[in-house]
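Residue numbers (the numbering used here): 2 to 573. We put the beta carbon where it would ideally sit given N, CA and C, even for glycine. Working notes for the structure below.
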Amino acid sequence: MRPTKEEVMAFLKPEPVLDEERIGMETLAPGDYEIYSERLNMILAECKEVFIRVGNSNWIVSGDSIVGIHTAQGDLVGACLGTFIHSVTAQNPIKWIMRNFKDNPRVGVREGDIFYASESTYGGIHNCDQLALMPIFHEGELIAWASAGTHIAETGAILPGGMVGHAKSRYEEGMSLTPIKIAENYQLKDDLVEMMVNFISRAPRQQNLDLKARVTAADRLRVRIQQLADQKGNGFVRGLLRRILIVAEEGARNRISKWNDGVYRSVCFVGAVGGKPGLWRIFCTATKKGDHILFDYTGTSPENDSAWNCMPWVMVCYAALHMYSHGFHDLPVCAGTLVPTDYLIPDKTVISANWDAAISHAPNVGEYNNVLLPKLFACMMFSNEKDRLQIAATINGVPGGGGGGGGMMVGGGGGWTRNTMGQGGRVDMDGMDSALFRSAVHASGSDAEEAEVDQPTLHLWQKHRKDSPGHGEYRGGASGYTGNIVYGLPYLKGGSARGYVRGRMVAGQGLFGGYPSVDTPGVATNRSNLMELLGKGEKNLPMSSEEVLTGNVIQEYPEDPDGPQGLPAETT
Numbered sequence: 002m003r004p005t006k007e008e009v010m011a012f013l014k015p016e017p018v019l020d021e022e023r024i025g026m027e028t029l030a031p032g033d034y035e036i037y038s039e040r041l042n043m044i045l046a047e048c049k050e051v052f053i054r055v056g057n058s059n060w061i062v063s064g065d066s067i068v069g070i071h072t073a074q075g076d077l078v079g080a081c082l083g084t085f086i087h088s089v090t091a092q093n094p095i096k097w098i099m100r101n102f103k104d105n106p107r108v109g110v111r112e113g114d115i116f117y118a119s120e121s122t123y124g125g126i127h128n129c130d131q132l133a134l135m136p137i138f139h140e141g142e143l144i145a146w147a148s149a150g151t152h153i154a155e156t157g158a159i160l161p162g163g164m165v166g167h168a169k170s171r172y173e174e175g176m177s178l179t180p181i182k183i184a185e186n187y188q189l190k191d192d193l194v195e196m197m198v199n200f201i202s203r204a205p206r207q208q209n210l211d212l213k214a215r216v217t218a219a220d221r222l223r224v225r226i227q228q229l230a231d232q233k234g235n236g237f238v239r240g241l242l243r244r245i246l247i248v249a250e251e252g253a254r255n256r257i258s259k260w261n262d263g264v265y266r267s268v269c270f271v272g273a274v275g276g277k278p279g280l281w282r283i284f285c286t287a288t289k290k291g292d293h294i295l296f297d298y299t300g301t302s303p304e305n306d307s308a309w310n311c312m313p314w315v316m317v318c319y320a321a322l323h324m325y326s327h328g329f330h331d332l333p334v335c336a337g338t339l340v341p342t343d344y345l346i347p348d349k350t351v352i353s354a355n356w357d358a359a360i361s362h363a364p365n366v367g368e369y370n371n372v373l374l375p376k377l378f379a380c381m382m383f384s385n386e387k388d389r390l391q392i393a394a395t396i397n398g399v400p401g402g403g404g405g406g407g408g409m410m411v412g413g414g415g416g417w418t419r420n421t422m423g424q425g426g427r428v429d430m431d432g433m434d435s436a437l438f439r440s441a442v443h444a445s446g447s448d449a450e451e452a453e454v455d456q457p458t459l460h461l462w463q464k465h466r467k468d469s470p471g472h473g474e475y476r477g478g479a480s481g482y483t484g485n486i487v488y489g490l491p492y493l494k495g496g497s498a499r500g501y502v503r504g505r506m507v508a509g510q511g512l513f514g515g516y517p518s519v520d521t522p523g524v525a526t527n528r529s530n531l532m533e534l535l536g537k538g539e540k541n542l543p544m545s546s547e548e549v550l551t552g553n554v555i556q557e558y559p560e561d562p563d564g565p566q567g568l569p570a571e572t573t
């Protein structure tokens, strides 16, 4: 029953208006739309706050998450989020469930059910992203759906860290869940929760707590929507949700119609294929006519044998990220807003890979839309150079992971650097330092202390790197730059950090003559004496990557003969 790519791409468009929704819209009095659409926004903000307070990982604490309200058919109507990308993917598994499980007597969709999914071929981005999906019933009628999702930095793949750059197929990337029912009658199924914890055995506590945080956020939304239905009736809720979709589409079409008609092209090149040198490209031609835009990715490189592939809807996710951040910044985050855009994505390319391809680095592929689209939209939206803006500079995070006894692990580090990229240089001033995470523009940078409580790490430094932004008359913003000690583990394995080679090419493009950001190196020293130096109160500790390489303070101890074969000894 795996959906075809065409079926999933069709999920992105709103479902036809139902008679119940049409009747419900007729009950909306003047002012009801404005008042109650804002009430929905306030409810969603409350649910996201609940999500943050209950969650465990730095992804949730930093706000790299989404809580969404959907129509009974699955269309996203509104969301409170840190990341726009899941505003595209959250509705896909719901629509698949409605088509395949709703009338299936062995599964069904009933009050008190909760579904869970992380499978890219069913409409997700990659298997690190887990979504809780909850049908909302009132007086026995399905009136809406709630969703809550975020990334997890561990999947049980062949290496810790979730995103394995040199994986050659999906079979090396760990747990990937098709939509499954994990709760009935408002009770979680302990057997399925235990199954997931077993898959994520490097980070069992994080999997367990973050799953319950997703479920808690979705359930809080369920409670609030049922209270609204108690006050106004099921028809009112259905009509309100449909009206939001219609108004959003009208607003998007009106906005696009004011931009310049034309055909616009942009291309970006990448100088590595996973962990090996190589060259591939993404090519995009945008045709804007009237109130519609077609994005044609013909000319993009073929699928490769690394994890740097994605499904076609991932490119829609990152197109939505750019549009919601810029041209559609004041429009509702919902399925209706994206109706005036269509996508032609050739099959068997790096952005429309085969179903069993490795895709754990799909976000990194989709993020190249942040290189392509600023140029396309700058030409489309403006007739001269004024007010053009590159969304963000390049970021170098610190992914990776390791494992130890007693369930202690470290996976997916770099929460602060991830959410503190520099903004691109602006037309009249420098870019902002530590402005955003390109995939989660509303997320905050977590504190070093939070990471040290959550994981066995200590921070040597957490700052901006000198001369790292792109240069020009106005420079780009500086990104976060950190040095960590990982300690107390019998072994440490690199995750995506050791499976990723950027190559000599830097993909960023300046909109008006500026240079891309500097491709700064990542440095690792295994079996070091840093913990010993800290214990002695050593003052001359390294404060940059260069000092790690050239300083005479750090020593590397010989490999522990009693430790795991070929792996570092306890302190790193």
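Assuming Y265 is part of the beta strand (DSSP E), what are its boundary residues? One-based indexing of the sequence shown puts residue 265 at position 264. From DSSP, the beta strand (DSSP E) with Y265 extends over G263 to V274.
Is it buried or exposed, M2, if we count other Cβ atoms within 10 angstroms and call 16 or more buried? Here the question's residue 2 lines up with position 1 in the sequence shown. Counting Cβ neighbours within 10 Å, M2 comes out exposed, since fewer than 16 surround it.
Check this for me: beta carbons of V351 and P303, under 8 Å apart or not? In the sequence shown, residue 351 corresponds to position 350, counting from 1. In the sequence shown, residue 303 corresponds to position 302, counting from 1. Yes, Cβ-Cβ distance for V351 and P303 is below 8 Å.
Sub-8 Å separation of G166 and A308 beta-carbons: Residue numbering aside, residue 166 sits at position 165 when the sequence shown is read from its first letter. Residue numbering aside, residue 308 sits at position 307 when the sequence shown is read from its first letter. Contact flag set, yes.
Is it the case that the Cβ atoms of A479 and Q463 are separated by a distance below 8 Å? Here residue 479 refers to the residue found at position 478 when the sequence shown is read from its first residue. Here residue 463 refers to the residue found at position 462 when the sequence shown is read from its first residue. Not closer than 8 Å, so no.
Helix, strand or coil, according to DSSP, for Q208 in the structure here? As a working note, residue 208 is residue 207 in the sequence shown. In this structure, Q208 counts as helix in the three-state DSSP scheme.
Thinking C-alpha only, which one of V224, G252, D331 and P278 is nearest H293? Position 292 of the sequence shown holds residue 293. Minimum Cα distance to H293 is reached at G252.
Assigned exposure category for D126 - 16 Cβ within 10 Å defines buried: Stepping through the sequence shown from its first residue, residue 126 is reached at position 125. Here residue 126 is Ile; the residue named in the question, Asp, does not match the sequence. Flag for I126 reads buried.
My assumption, with CB atoms under 8 Å, is that A336 sits in contact with D76. Please give the rounded CB distance. As a working mapping, residue 336 is identified with position 335 in the sequence shown. As a working mapping, residue 76 is identified with position 75 in the sequence shown. 4 Å between Cβ atoms; contact.
Once DSSP output is grouped into helix, strand and coil, what is the label at E27? What you label residue 27 is simply residue 26 of the sequence shown in a count that begins at 1. If DSSP states are grouped into helix, strand and coil, E27 belongs with the helices.
Say whether the stretch 108-127 touches the stretch 175-186, bearing in mind that this needs 3 or more beta-carbon pairs closer than 8 Å, one atom from each stretch. yes
Segments of 4+ residues assigned as alpha helix (DSSP H) that fall wholly inside the stretch 297-362: List check, alpha helix (DSSP H) in window: 313-326.
Taking all protein chains shown into account, decide if P400 is buried (16 or more other Cβ within 10 angstroms of its Cβ) or exposed. Taking the sequence shown and counting its residues from 1, one reaches residue 400 at position 399. Residue placement at P400 is flagged as unreliable, the pLDDT there being 36, under the threshold of 50; the coordinate-derived value follows with that caveat. Buried.
Going by DSSP, name the residue or residues bridged to M135. As a working mapping, residue 135 is identified with position 134 in the sequence shown. Note: M135 sits in a beta bridge opposite A147.
Do the CB positions of K289 and D331 come within less than 8 Å of each other? As a position in the sequence shown, residue 289 is number 288, starting the count at 1. As a position in the sequence shown, residue 331 is number 330, starting the count at 1. Result no, Cβ atoms of K289 and D331 do not sit closer than 8 Å.
Put E142 into one of helix, strand or coil per three-state DSSP. Against the sequence shown, residue 142 aligns to sequence position 141. Looking at E142 - three-state DSSP - the assignment turns out to be strand.
Ignore the nearest five residues each way along the sequence and tell me which others in Y319's own chain have a CB closer than 7 Å to its CB. For the purposes of this step, residue 319 is taken as residue 318 along the sequence shown, with counting starting at 1. Same-chain partners within the cutoff: I86, G367, E368, N370 and N371.
Is the distance from the Cβ of H460 to the Cβ of Y482 below 8 Å? Along the sequence shown, one-based indexing puts residue 460 at 459. Along the sequence shown, one-based indexing puts residue 482 at 481. The answer is no: Cβ separation not under 8 Å.
Please classify V165: does DSSP put it in a helix, a strand, or coil? Against the sequence shown, residue 165 aligns to sequence position 164. DSSP places V165 in coil when its eight states are reduced to three.
Is it buried or exposed for K49, if we count other Cβ within 10 angstroms and need 16 for buried? What you label residue 49 is simply residue 48 of the sequence shown in a count that begins at 1. Buried, by the Cβ-count rule.
Would you identify the three-state DSSP class for C129, choosing helix, strand or coil? Taking the first residue of the sequence shown as 1, we reach residue 129 at position 128. Coil at C129, not helix or strand.
Give the range of the alpha helix (DSSP H) segment to which L374 is assigned. Numbered from its first residue, the sequence shown carries residue 374 at position 373. From DSSP, the alpha helix (DSSP H) with L374 extends over N370 to M382.
Exposed unless 16 or more other CB atoms sit within 10 angstroms - verdict on L134: For the purposes of this step, residue 134 is taken as the residue at position 133 of the sequence shown. It counts as buried.
Output the distance between the C-alpha atoms of K96 and R528, rounded to the nearest integer angstrom. Reading the sequence shown from its first residue, position 95 is the one you call residue 96. Reading the sequence shown from its first residue, position 527 is the one you call residue 528. Computed Cα separation, rounded: 50 Å.
Kindly indicate the opening and closing residues of the alpha helix (DSSP H) around G56. Within the sequence shown, numbered from 1, the residue matching residue 56 stands at position 55. Premise fails: G56 is in no alpha helix (DSSP H) and is neither H nor E.
Measure how close the beta-carbons of V175 and G157 come, nearest whole angstrom, since I'm counting them as under 8 Å. Numbered from 1 along the sequence shown, position 174 holds the residue referred to as residue 175. Numbered from 1 along the sequence shown, position 156 holds the residue referred to as residue 157. Rather than Val, the amino acid found at residue 175 in this sequence is Gly. Their Cβ separation, rounded to whole angstroms, is 4 Å, which keeps G175 and G157 in contact under 8 Å.
For L242, which beta-bridge partners are listed by DSSP? Against the sequence shown, residue 242 aligns to sequence position 241. None, per the DSSP bridge assignment.
Given a cut-off of 8 Å on the beta-carbon distance, is the pair M312 and K6 in contact? Taking the sequence shown and counting its residues from 1, one reaches residue 312 at position 311. Taking the sequence shown and counting its residues from 1, one reaches residue 6 at position 5. A contact, by the Cβ cut-off of 8 Å.
Could you tell me whether the Cβ atoms of N305 and G272 are closer together than 8 Å? Numbered from 1 along the sequence shown, position 304 holds the residue referred to as residue 305. Numbered from 1 along the sequence shown, position 271 holds the residue referred to as residue 272. When the beta-carbon positions are compared, N305 and G272 stay at least 8 Å from each other.
Thinking just about the alpha-carbon of each residue, which of Y37, K540, Y172 and R54 is nearest to the one in D357? Taking the sequence shown and counting its residues from 1, the one referred to as residue 357 is at position 356. Measuring from the Cα of D357, the nearest candidate turns out to be Y172.
With a 10 Å radius around its C-beta and 16 neighbouring C-beta atoms as the bar for buried, classify K376 as buried or exposed. Locating residue 376 in the sequence shown gives position 375, where the first residue counts as 1. K376 should be labelled buried.
Quick one: what does DSSP say V399 is sitting in, helix, strand or coil? What you label residue 399 is simply residue 398 of the sequence shown in a count that begins at 1. The pLDDT assigned to V399 is 37, lower than 50, so where the model puts this residue is not dependable; a value taken from the coordinates is nonetheless given after this. In this structure, V399 counts as coil in the three-state DSSP scheme.
Per DSSP, what kind of secondary structure is Q463 in: helix, strand or coil? On the sequence shown, position 462 is the one that residue 463 refers to. Q463: strand per DSSP, three-state reduction.
Taking the alpha helix (DSSP H) that V487 belongs to, which residues open and close that run? Locating residue 487 in the sequence shown gives position 486, where the first residue counts as 1. From DSSP, V487 is part of no alpha helix (DSSP H) but of the beta strand (DSSP E) over G481 to V487.
Where M430 sits in the DSSP three-state scheme: Within the sequence shown, residue 430 is the residue found at index 429, counting from 1. DSSP, reduced to helix, strand and coil, places M430 outside both helices and strands of the structure shown, so it counts as coil.
For S58 versus I153, is the C-beta distance shorter than 8 Å? Position 57 of the sequence shown holds residue 58. Position 152 of the sequence shown holds residue 153. Between S58 and I153, the gap from beta carbon to beta carbon is short of 8 Å.
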